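See structure below.
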Amino acid sequence: MKKYVLFDHDGVLVDTEFWYYRAGERALADIGLSLDKVR
964 MKKYVLFDHD
974 GVLVDTEFWY
984 YRAGERALAD
994 IGLSLDKVR
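Take any residue in the sequence shown, count from 1 to its spot, add 963: that is its number in the working numbering.
As structure tokens, this is what we get:
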């Protein structure tokens, strides 16, 4: 039986912002829209 749960608040262990952006970009492309990255 597992006894632990690991939470990663973005950027602490793994920086996933890029991967969320890419997933959103692909999902929008499927319906003919684009996503502009602004920092």
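For glycine and all other residues, C-beta sits at the position ideal for the given N, C-alpha and C. Predicted, not measured: the structure shown is a model, and the values here were computed from it.
When secondary structure is reduced to three states using DSSP, D999 falls in the coil class, being assigned neither helix nor strand.
When secondary structure is reduced to three states using DSSP, D978 falls in the coil class, being assigned neither helix nor strand. Each of V977, L976, L998 was checked against the Cα of A986, and the nearest Cα belongs to L998. Here L991 carries a helix assignment [DSSP, helix/strand/coil].
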